[in-house]
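Under my numbering, read the sequence shown as residues 35 to 177, first letter to last.
Beta carbons are placed, not taken as given, at the ideal position from N, Cα and C, and that holds for glycine.
A quick note: this is a predicted structure, and the numbers were derived from the prediction, not measured.
To start, the structure itself, in structure tokens.
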Amino acid sequence: CRYQRLVFKHKLYQLREERDMKPETFASLVSSMLYEKRFGPYFCQPIIAGLGQDDEPFICTMDCIGAKELAKDFVVSGTASESLYGACESMYKPNMEPEELFETISQALLSSVDRDCLSGWGGYVLIVTPTEVQERVLKGRMD
Numbered sequence: 035c036r037y038q039r040l041v042f043k044h045k046l047y048q049l050r051e052e053r054d055m056k057p058e059t060f061a062s063l064v065s066s067m068l069y070e071k072r073f074g075p076y077f078c079q080p081i082i083a084g085l086g087q088d089d090e091p092f093i094c095t096m097d098c099i100g101a102k103e104l105a106k107d108f109v110v111s112g113t114a115s116e117s118l119y120g121a122c123e124s125m126y127k128p129n130m131e132p133e134e135l136f137e138t139i140s141q142a143l144l145s146s147v148d149r150d151c152l153s154g155w156g157g158y159v160l161i162v163t164p165t166e167v168q169e170r171v172l173k174g175r176m177d
């Protein structure tokens, strides 16, 4: 399983380096795993998000062969990514509170999924703050 391989490499890094892995390092690990399989790729577009030094946000997405795209505000991936970019650009504001950010993400995700015939079933929204990680499930159309 790919998840177990990621957990193994993460724990191995912690044992070898005697420190926690930064989000930037984890993104490079995932990117190299995807690039290893570039001729028979995993059909996924992962998003890596976390808090780095001084609680600075780190957001990164990749294509199916591991090419990274870094951003300071938001990233999108998936079949509805074109409409998600437009929705996020129009609704996102810097320094939003977690509850306001959740509402913005929810509205952008649900409106974009409704416009894309290949998307659906909702999504998972994770809000990362210095004190906690909030996970919520959105239910979308089920067709």
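Within 8 Å, strictly: CB atoms of residue i and residue j
i	j	result
Ala105	Ala121	no
Pro132	Phe92	no
Thr95	Pro80	yes
Leu68	Val162	no
Ile139	Val159	yes
Phe77	Cys98	yes
Ser153	Gly112	yes
Residue i to residue j span [Cα, whole Å]
i	j	result
Thr59	Gly174	33 Å
Arg149	Ser65	30 Å
Ala101	Glu134	31 Å
Lys45	Ala61	15 Å
Lys43	Lys127	36 Å
Arg53	Asp89	17 Å
Val41	Leu49	12 Å
Arg39	Val171	26 Å
Ile82	Phe108	11 Å
Met130	Glu137	10 Å
Arg36	Gln87	27 Å
Pro164	Glu70	33 Å
Glu169	Glu51	30 Å
Glu116	Val147	11 Å
Glu103	Met55	19 Å
Cys151	Leu63	33 Å
Exposure label - residue i; buried when at least 16 CB within 10 Å
i	result
Ala21	Because the chain is modelled from 35 through 177, residue 21 falls outside the range shown and cannot be assessed.
Met176	exposed
Ser124	exposed
Gly157	buried
Val110	buried
Leu118	buried
For the stretch 106-177, list the beta strand (DSSP E) runs that are entirely contained and at least 3 residues long, ordered along the chain. 157-162 and 167-172
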